[in-house]
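Residue numbers (the working numbering), protein chains in the order written: chain C, 48 to 264; chain F, 48 to 264. C-beta: ideal position from N, C-alpha, C; glycine also.
What follows is the structure, given as structure tokens:
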């Protein structure tokens, strides 16, 4: 059975996974780059930028897992772009340029569907107005037996966690207090009871937490 | 100069340091003992209970620092007891029995002062209706040059952090989602800018974070 996975999902001490005031210039709002500094040095991130090099330590050990065995991604509209409501046009194709780093079908959850867009490198954006379960059904079908990644943002990850659709969750706790934005943990009381949890701190100062879904009995 | 310190202060992933529904039977409300399981095995906790033994690993390395060089504690009324409003009587002297583990003067912040109570073992409870700054002035005077510990709960720790009165903060991140209760981090946006922060995860599954106040320039 293909699994549902979340990777490299950074949250602040106060549980925010994105800041307030998202815009074209600030995809994570007032959080700026503070939630992802740990990631920028890794080989995985540098490869996404088309660059070589990068760290190969503990942060990379986690970062590098995001793509293995993934056949499709599901993301919220806020991860795709900062627009709200009906699309003014269809010119915006995400923050990632002509060759996005996904290289698989990507399902963007939105109440305002638009035609699918095929990008370079194997990424195709599909726009679906659907429940998490139905979006997952479509993504699984597109993934051809591989795993499905829930790419964020927090509202989307939270929705899939709330419906108990996530098998593996990798959270990166960044020791900052954001104060404002969108929280991951709201409405997920006792989430820990469904997962085996492990933690490790790295020299970059963050703590990686892995949540592995207990086998359903 | 005597320092102001917070030790062994457990918070959940969603930032709660105590649950909802505090009562005589449940000092931490619906959180029960879940925030403090890491602590119960330590030599320090067992010694507080008058018992020997206990772990001497990384959790103990942190737990054992709480008393060294401390000359007084400040606590909120909620740490002292679950009552609200005027005292019905003065029979309640805290959760800790005749010989509380503090062994110093303890200043209980409350809008309803009552006479000081001298307990066995060197603990004296004083009740003060004062600002954090004024409570700290009194506690420092009583501490005779030693450090002052802010003992909790979250409202009290937060108030001292908000006024930049804390020199050392030790937070223990417990990987559970409490969902309800009293948060530590609210109103403390960019707290990290005032502290050097280090983290370490222990085999019990918690992450210890130390916040050390940067030297004032």
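In this structure, the beta-carbon distance from residue 113 of chain F to residue 54 of chain F falls below 9 angstroms. Taking 3 residues as the minimum length, the beta strand (DSSP E) runs contained wholly in the stretch 113–198 of chain F are 117–123, 152–156 and 171–175, in order along the chain. A direct Cα-to-Cα measurement between residue 133 of chain F and residue 262 of chain C gives close to 51 angstroms. Rounded to the nearest whole angstrom, the CA to CA distance from residue 236 of chain C to residue 227 of chain F is 8 angstroms. With fewer than three CB-CB distances shorter than 8 angstroms, the stretch 94–101 of chain F does not count as touching the stretch 92–112 of chain C.
Its Cα nearest to that of residue 79 of chain C, the residue C/64 stands out among C/140, C/206 and C/64. Comparing C-alpha distances from residue 242 of chain F to each of F/230, F/213 and F/223 shows the shortest one belongs to F/213.
Per the DSSP secondary-structure output, residue 243 of chain F pairs in a beta bridge with F/259. Here residue 249 of chain C carries a coil assignment [DSSP, helix/strand/coil]. Contacts with chain F at 9 angstroms (Cβ-Cβ) include residue 232 of chain C. Of the other Cβ atoms in all chains shown, fewer than 16 fall within 10 Å of the Cβ of residue 135 of chain F; this residue is therefore exposed.
Between residue 182 of chain C and residue 121 of chain C, the C-beta gap is smaller than 9 angstroms, which places the two residues in contact. Apart from the 5 residues on each side of it in sequence, residue 192 of chain F sits with its Cβ closer than 8 angstroms to the Cβ of 49 and 118 in its chain, given in chain order.
Against chain C, the CB of residue 61 of chain F has a partner CB under 9 angstroms away; the residue lies at that interface. Below the 8 angstroms Cβ cutoff, chain C contributes 236 as neighbours of residue 227 of chain F, in chain order. In this structure, the CA atom of residue 147 of chain F is about 17 angstroms from the CA atom of residue 86 of chain F.
With respect to chain C, the C-beta atom of residue 70 of chain F has no partner C-beta closer than 9 angstroms. Sorting F/190, F/105 and F/179 by C-alpha distance to the C-alpha of residue 171 of chain F places F/190 at the top. When secondary structure is reduced to three states using DSSP, residue 206 of chain F falls in the helix class.
For residue 108 of chain F, the enclosing alpha helix (DSSP H) begins and ends at 105–110. Contact between residue 231 of chain F and residue 195 of chain F does not hold, since the beta-carbon distance rounds to 19 angstroms and is not under 8 angstroms.
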